[in-house]
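Asks: My questions will all concern the structure given below.
There are 2 protein chains.
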Amino acid sequence: MSDTEHKPVTAGFVVIGDEILSGRTKDKNIGYLASFLTERGIDLSEVRIVPDSQGMIVEAVNTLRSRYTYVFTSGGIGPTHDDITADAIAAAFGVSIDKDPRAMAILEAHYPPGEFTPARQRMARIPEGADLIENVASAAPGFRIENVHVMAGVPYIMQAMLDALAPTLKGGQHMHSHAIDVPLPESRIAEKLAEVQKNFPETSIGSYPRSKDGVFSTQVVVRSRHLDVLRDATSAVETLVASATGKSI
Amino acid sequence: MSDTEHKPVTAGFVVIGDEILSGRTKDKNIGYLASFLTERGIDLSEVRIVPDSQGMIVEAVNTLRSRYTYVFTSGGIGPTHDDITADAIAAAFGVSIDKDPRAMAILEAHYPPGEFTPARQRMARIPEGADLIENVASAAPGFRIENVHVMAGVPYIMQAMLDALAPTLKGGQHMHSHAIDVPLPESRIAEKLAEVQKNFPETSIGSYPRSKDGVFSTQVVVRSRHLDVLRDATSAVETLVASATGKSI
Chain A
1 MSDTEHKPVT
11 AGFVVIGDEI
21 LSGRTKDKNI
31 GYLASFLTER
41 GIDLSEVRIV
51 PDSQGMIVEA
61 VNTLRSRYTY
71 VFTSGGIGPT
81 HDDITADAIA
91 AAFGVSIDKD
101 PRAMAILEAH
111 YPPGEFTPAR
121 QRMARIPEGA
131 DLIENVASAA
141 PGFRIENVHV
151 MAGVPYIMQA
161 MLDALAPTLK
171 GGQHMHSHAI
181 DVPLPESRIA
191 EKLAEVQKNF
201 PETSIGSYPR
211 SKDGVFSTQV
221 VVRSRHLDVL
231 RDATSAVETL
241 VASATGKSI
Chain B
1 MSDTEHKPVT
11 AGFVVIGDEI
21 LSGRTKDKNI
31 GYLASFLTER
41 GIDLSEVRIV
51 PDSQGMIVEA
61 VNTLRSRYTY
71 VFTSGGIGPT
81 HDDITADAIA
91 AAFGVSIDKD
101 PRAMAILEAH
111 YPPGEFTPAR
121 QRMARIPEGA
131 DLIENVASAA
141 PGFRIENVHV
151 MAGVPYIMQA
161 MLDALAPTLK
171 GGQHMHSHAI
181 DVPLPESRIA
191 EKLAEVQKNF
201 PETSIGSYPR
211 SKDGVFSTQV
221 VVRSRHLDVL
231 RDATSAVETL
241 VASATGKSI
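Chains as they are written, first to last, in full-length UniProt numbering: chain A, 1 to 249; chain B, 1 to 249.
This is the structure in structure tokens:
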């Protein structure tokens with residue numbers, strides 16, 4: 001496989017839930033999914049956090065699914081009245097939704113006799129044409145319809161679903177990265193760094209300011225899909241840092 | 001002031017930065033801003049996380065500023081080549097951008113003689129017509145243009161900027177909330193809870209599953225702008241919980 005054969009594999013993420021937007025629940029899924037996708041060479045390109053509103057969910061999902069290789073959603077697939085994601089996804093795709101026999105069988109087997117209540121049966125509502133995503137954590141499945149993966153919002157359940165669906169994802173070319181700690185405020189290296197970025201268009205060079213006890217420093221992260229380019233760009237950054245540090249002594 | 005005079009005050013938030021989407025940096029600003037706005041009665045209605053891409057920043061800012069009372073952005077206003085937010089905001093508004101005399105004066109006073117380098121002067125680039133947002137943490141100001149507030153991405157600097165701009169925000173009617181801990185899995189109360197929600201349309205009732213050591217419980221959060229409605233809806237939830245718990249004993 002040559003280094004240049006691959007098209008980037010991209011993803012969008014829709015986080016669904018009033019509780020995230022009110023600040024009551026601090027999201028833990030974005031950082032997790034970002035790292036999960038980066039490890040697989042998939043670029044997370046956009047995230048939207050939307051309320052429990054069918055219109056907002058439909059807009060976000062339809063925009064992102066036409067834009068990116070994959071879409072993931074988290075939240076809103078439980079048994080209560082505020083869990084409206086499955087219906088919203090059906091609306092986004094213009095398909096019907098009903099209790100799915102496969103999901104019904106999974107949930108029926110999971111609950112003690114007599115405890116598979118109508119509320120719990122709500123969790124078996126799956127849009128027509130979707131595949132189930134296994135949930136080893138708490139049984140009630142997620143689902144995939146075309147390129148959209150619908151998962152629970154509770155972090156450990158979302159993570160179990162990601163593990164289950166991971167083998168179905170086509171990975172992209174791995175993005176390699178190298179971090180360089182620079183004992184200077186970023187403005188001291190900014191101009192030279194911009195030149196390195198210009199000289200290495202196949203890299204993405206990020207500069208991240210840090211401060212500890214009033215002392216400013218910088219972490220420079222060089223990223224590239226091509227190991228040789230990464231190596232050369234990293235050397236160029238290290239050279240400029242050595243020169244800037246030398247001057248400052 | 002009567003309870004019903006107010007229109008909701010709404011907000012959108014655009015988080016800018018490749019490092020959030022790659023998972024390298026875990027965002028801390030969304031949860032902070034969400035709580036900050038909720039305390040002031042402002043509804044955070046949508047969040048978008050976009051990369052360091054002018055097109056994506058312009059799209060997100062222009063969509064959200066036409067949709068919500070306020071827009072906030074974080075990230076991309078430092079001195080390095082990957083800091084493109086100020087230029088993107090100027091493009092979004094179709095105005096020019098140049099070194100701002102007020103920002104130049106602040107930064108010139110901040111740095112020791114001879115250290116106000118061209119890279120640092122980049123941080124004085126402010127779109128035409130914008131007001132500065134004071135930055136007591138590290139001097140380089142944010143700015144406000146119409147209803148859009150542009151802030152730094154480093155959490156303690158963003159927080160300082162929020163404190164500075166807070167007095168300029170018109171607060172909405174405070175959203176009151178009450179949380180009820182229910183020692184039952186949410187599916188056990190789901191149907192009755194849906195009825196309470198239907199009976200109290202001026203509330204938003206959220207149901208959040210929890211699990212600890214394999215025991216499932218639920219936190220129900222009732223939210224309303226009207227204290228009397230909140231009280232009545234909360235009683236209705238407590239009655240249903242007492243009844244459901246009683247049954248289960």
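Every residue, glycine too, gets a C-beta built ideally from N, C-alpha and C.
1) Taking the Cβ atom as the reference point for each residue, do L64(B) and G23(B) lie within a distance shorter than 7 Å?
2) Based on DSSP bridge pairs, tell me the residues matched to P127(B).
3) Could you tell me which chain B residues have their CB closer than 7 Å to the CB of P51(A), listed as they occur along the chain?
4) Is I30(B) helix, strand or coil by DSSP?
5) Kindly indicate which residue of A124(A), A119(A) and F116(A) has the alpha-carbon position closest to the one of D98(A).
6) With three or more beta-carbon pairs closer than 8 Å as the criterion, would you say the stretch 130-140 of chain A touches the stretch 163-170 of chain A?
7) If I follow the unbroken alpha helix (DSSP H) through T155(B), where does it start and stop?
8) For G214(A) and P185(A), what's the separation of their Cα atoms in angstroms?
9) Got a sec: which bits of the stretch 65-90 of chain A sit with their beta carbon under 7 Å from any beta carbon on chain B, in order along the chain?
10) Starting from the C-beta of R122(A), find all residues in its chain whose C-beta is less than 6 Å away, skip the five residues before and the five after it, and write them out in chain order.
11) Any C-beta of chain A sitting closer than 7 Å to the C-beta of residue 258(B)?
12) Does any CB atom of chain B fall closer than 7 Å to the CB of residue 268(A)?
13) I believe residue 252(B) touches G41(B) by the beta-carbon criterion, under 8 Å. Please report the beta-carbon distance rounded to the nearest angstrom.
14) Do A92(B) and V61(B) have their C-beta atoms closer together than 7 Å?
15) Just checking, does the stretch 110-118 of chain A make contact with the stretch 27-42 of chain A on the three C-beta pairs under 8 Å criterion?
16) R188(A): which of A242(A), A233(A) and G75(A) sits nearest, CA to CA?
17) Which parts of the stretch 33-63 of chain B are runs of the beta strand (DSSP E), unbroken and 3 residues or longer, counting only runs that do not cross its ends?
18) For a quick check, are the C-beta atoms of S204(B) and R210(B) less than 7 Å apart?
19) With distances taken Cα to Cα, identify the nearest neighbour of T117(A) among K192(B), T38(B), G142(B) and G129(B).
20) Between the Cα of P183(B) and those of V71(B), T245(B), E146(B) and I16(B), spot the shortest distance and give me the residue it belongs to.
21) What ranges does the beta strand (DSSP E) occupy inside the stretch 182-230 of chain A, keeping only unbroken runs of at least 3 residues that lie completely in it?
22) List the residues of chain B that Q197(A) touches, going by C-beta distances under 8 Å, in chain order.
23) Indicate whether at least one CB of chain B lies closer than 7 Å to the CB of R48(A).
24) Can you give the Cα-Cα distance for E128(A) and T69(A), rounded to whole angstroms?
25) Beta-carbon of S207(B) versus every beta-carbon of chain A: anything under 7 Å?
26) Go through its chain and collect everything with a Cβ distance to Y156(A)'s Cβ below 8 Å, but skip five positions before and after it.
27) Counting only Cβ pairs nearer than 9 Å, list the residues of chain A close to S243(B).
28) Under a CB-based cut-off of 7 Å, is E186(A) close to chain B?
29) Express the C-alpha separation of D43(A) and N147(B) in angstroms, rounding to a whole number.
30) Report the neighbours of S204(A) on chain B: residues whose CB is nearer than 7 Å to its CB, in chain order.
31) Is K170(B) close to chain A? Criterion is C-beta to C-beta, closer than 7 Å.
32) Spatial neighbours of I84(A) within its chain, please: C-beta separation below 7 Å, excluding the five flanking residues on both sides.
33) Between S248(B) and the rest of its own chain, which residues show a CB-CB distance below 6 Å, the 5 nearest in sequence each way excluded?
34) Would you say R231(B) lies against chain A (beta-carbon separation less than 7 Å)?
35) Beta carbon of H226(B), beta carbon of A194(A): below 7 Å?
36) According to DSSP, what are the bridge partners of M151(B)?
Replies: The relevant details are as follows:
1) Your numbering for residue 64(B) matches position 64 in the second sequence. Your numbering for residue 23(B) matches position 23 in the second sequence. The Cβ-Cβ distance between L64(B) and G23(B) does not fall below 7 Å.
2) Reading the second sequence from its first residue, position 127 is the one you call residue 127(B). Beta-bridge pairing by DSSP links P127(B) to I97(B).
3) The residue given as residue 51(A) occupies position 51 in the first sequence. In chain order: S45.
4) Looking up residue 30(B) in the second sequence gives position 30. I30(B): helix per DSSP, three-state reduction.
5) Stepping through the first sequence from its first residue, residue 98(A) is reached at position 98. Among A124(A), A119(A) and F116(A), the Cα nearest to that of D98(A) is on A124(A).
6) Verdict: yes, contact present.
7) Locating residue 155(B) in the second sequence gives position 155, counting from the first residue. Note on residue identity: the sequence assigns Pro, not Thr, to residue 155(B). P155(B) -> alpha helix (DSSP H) spans P155 to L165.
8) Walking along the first sequence from the start, residue 214(A) turns up at place 214. Walking along the first sequence from the start, residue 185(A) turns up at place 185. Their Cα atoms are separated by approximately 11 Å.
9) Residues of the stretch 65-90 of chain A with a C-beta atom less than 7 Å from some C-beta of chain B are G78, P79, T80, H81 and D82, listed in chain order.
10) Counting from 1 along the first sequence, the entry for residue 122(A) is found at position 122. The answer, listed in chain order, is P79.
11) For residue 258(B) there is no data in the structure shown, the boundaries of chain B being 1 and 249.
12) No information on residue 268(A) is available, as it lies outside the stretch 1 to 249 that chain A covers here.
13) An answer regarding residue 252(B) cannot be provided, because it is not within the stretch 1 to 249 covered by chain B.
14) Here residue 92(B) refers to the residue found at position 92 when the second sequence is read from its first residue. Here residue 61(B) refers to the residue found at position 61 when the second sequence is read from its first residue. The answer is yes: Cβ separation under 7 Å.
15) Under the 8 Å Cβ criterion, the stretch 110-118 of chain A does not count as touching the stretch 27-42 of chain A, having fewer than three qualifying pairs.
16) Stepping through the first sequence from its first residue, residue 188(A) is reached at position 188. Selection A242(A), A233(A) and G75(A) evaluated against R188(A) yields A242(A) as nearest (Cα-Cα).
17) Here the runs fully enclosed are 42-50.
18) The residue given as residue 204(B) occupies position 204 in the second sequence. The residue given as residue 210(B) occupies position 210 in the second sequence. Taking 7 Å as the Cβ cut-off, S204(B) and R210(B) do not qualify as a contacting pair.
19) On the first sequence, residue 117(A) is found 117 positions in, with the first residue counted as 1. Closest by C-alpha distance to T117(A), out of K192(B), T38(B), G142(B) and G129(B), is K192(B).
20) Here residue 183(B) refers to the residue found at position 183 of the second sequence. Comparing Cα-Cα distances from P183(B) to each of V71(B), T245(B), E146(B) and I16(B), the minimum goes to T245(B).
21) DSSP runs (the beta strand (DSSP E)) wholly in the stretch 182-230 of chain A: 203-212 and 215-224.
22) The residue labelled residue 197(A) in the question sits at position 197 within the first sequence. Per Cβ cutoff of 8 Å: H81 and D82.
23) Here residue 48(A) refers to the residue found at position 48 when the first sequence is read from its first residue. Chain B, which has a Cβ nearer than 7 Å to the Cβ of R48(A), makes this yes.
24) In the first sequence, residue 128(A) corresponds to position 128, counting from 1. In the first sequence, residue 69(A) corresponds to position 69, counting from 1. In a straight line, the C-alpha of E128(A) is about 21 Å away from that of T69(A).
25) In the second sequence, counting from the first residue as 1, residue 207(B) sits at position 207. Yes - at least one Cβ of chain A is within 7 Å of the one on S207(B).
26) Reading the first sequence from its first residue, position 156 is the one you call residue 156(A). Excluding sequence neighbours, Y156(A) sits near A137.
27) In the second sequence, residue 243(B) corresponds to position 243, counting from 1. Near S243(B) there are no residues of chain A at all, since even the closest Cβ is about 15 Å away, more than 9 Å.
28) Here the question's residue 186(A) lines up with position 186 in the first sequence. Contact with chain B is found for E186(A), since one of that chain's Cβ atoms lies less than 7 Å from the residue's Cβ.
29) To locate residue 147(B), count along the second sequence from 1; it is residue 147. To locate residue 43(A), count along the first sequence from 1; it is residue 43. Here the alpha carbon of N147(B) sits roughly 31 Å from the alpha carbon of D43(A).
30) For the purposes of this step, residue 204(A) is taken as residue 204 along the first sequence, with counting starting at 1. In chain order: D18.
31) Taking the first residue of the second sequence as 1, we reach residue 170(B) at position 170. Judged by the 7 Å Cβ criterion, K170(B) is not in contact with chain A.
32) By one-based count along the first sequence, residue 84(A) stands at place 84. The answer, listed in chain order, is D52, Q54 and G76.
33) Residue 248(B) sits at position 248 when you count from the first residue of the second sequence. Low confidence applies to S248(B): its pLDDT is 45, below 50, so where it sits in the model is not reliable, and the reading given next is rough at best. Taken in chain order, the list of residues that qualify is empty.
34) Counted from its first residue, the second sequence places residue 231(B) at position 231. R231(B) does not count as touching chain A.
35) Here residue 226(B) is taken as the residue at index 226 of the second sequence, counted from 1. Here residue 194(A) is taken as the residue at index 194 of the first sequence, counted from 1. Contact flag unset, no.
36) The residue labelled residue 151(B) in the question sits at position 151 within the second sequence. Looking at the DSSP output, M151(B) sits in a beta bridge with S74(B).
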